Each structure stands twice: as C-alpha cells, then as structure tokens.
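Below is one structure; the comments refer to it alone.
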Amino acid sequence: MKKLKFNKKFQPCSMDEDDELYANGIFVFNITKLVAFIRTNTDKFPIEEVEVKAVRLFPSSQLTELTIQTANLSAPILAEISPGNFNVIDGNHRLERAHRDGVDKIPAFRVNVEQHLAFLTSEKAYKTYIEYWNGKVDTLKGR
21 MKKLKFNKKF QPCSMDEDDE LYANGIFVFN ITKLVAFIRT NTDKFPIEEV EVKAVRLFPS
81 SQLTELTIQT ANLSAPILAE ISPGNFNVID GNHRLERAHR DGVDKIPAFR VNVEQHLAFL
141 TSEKAYKTYI EYWNGKVDTL KGR
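Laid out in structure tokens, this is it:
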C-alpha cells in the first residue's frame, strides 16, 4: 500500500440534481458520475466476480425492500479499495438480493483509491480522506 499525496489542484466532483450519491460519513461520492466514467473507460475496469458473503456487510434493515426485490443481479456492483479492505460503494441492494436468492458470486467493478478520489464531492472530504488513507497505511506498516 502506498501513501497518497495531496493534489493542490483537486476539484470536487460536481453534483447535479438527479445524481445518485453514496455517503460514508464525511466522504460523499458521486456514483452517477463514477458509473459514467467507468462506462467510458471500460478497459480500466474489468468485471470481477466477488463472493457475496465476503462483501455483504451492510445491514439489510437499512435497505428498501422493493429495491431489493427488483435489483438486477447482472449489473456489477462498485467497490472501492481501502487499505486491506474491499468496500461496496454501490450495490448493497443487489448484494442483499443475491444473498436471499442463494447466489454465491456477483459481478463487480473494483475502483481503486486513485480512481474514486476524483468523485468525492467536497474538498474537505478529499483532504480528510487523504489523511485517513495515509493513517491506515502507516498502521498497516506498523509505524
């Protein structure tokens, strides 16, 4: 794992009224624009198969039942890499449906840290994420 360097030219990802966002505390990612980026750069995002039980960590009580029932299991989920982890940033309803249907694996796009940083929606979140990431890297290296 390598540390991230702060880019002084960072520009938060814009948000349009109908954009889907993923919020994880202060970290808010523009999923709509990330998906559009993946679709125009398919060579950078090969589809992987991930084990449902390994990445299904979101409590189903916080999900919408109708969305679970109509979730398209052929649509890849989006996942980010945090130091040592594989975290879902889009696709928790699909994971829940896959779990309920007894599906072992589901398609996913793995979005690495350098790729997903561009889709943070605020400079404060960007700066905080850099600090968070680098702190995790130091911890993993035993510093």
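Residue numbers (this note's numbering): 21 to 163.
Built from N, CA and C at the ideal position, the CB exists for glycine as well.
The model shown is predicted, which means the values in this text are computed figures rather than measured ones.
- Annotation: the segment 69 to 133 contains the following complete segments of the alpha helix (DSSP H) (minimum length 4 residues), in chain order: 72 to 75, 85 to 89 and 112 to 120.
- In this structure the segment 112 to 119 touches the segment 63 to 82; the number of beta carbon pairs closer than 8 Å is three or more.
- In the three-state reduction of the DSSP assignment, I46 falls in the coil class, being assigned neither a helical nor a strand state.
- Between the segment 143 to 150 and the segment 44 to 57, the count of C-beta pairs closer than 8 Å reaches three or more; the two stretches touch.
- Taking the C-beta atoms as reference points, K125 is found nearer than 7 Å to E69.
- Here F26 is exposed, its C-beta having fewer than 16 other C-beta atoms within 10 Å.
- In the structure shown, the three-state DSSP call for L140 is strand.
- Each residue's CA atom was taken as its position, placing L54 and K64 some 13 Å apart.
- Beta-bridge partners assigned by DSSP to I67: F129.
- Only residues of its own chain outside the window of five on either side were considered, and among them N107, I109, V131 and H136 have a CB closer than 6 Å to the CB of E100, listed in chain order.
- Partner residues in the beta bridge of L41, as assigned by DSSP, are N50.
- Across the structure, H119 and V72 are spaced so that their CA atoms are roughly 7 Å apart.
- The beta-carbon distance between A128 and I150, rounded to whole angstroms, is 25 Å. This is too long to meet the 8 Å contact definition.
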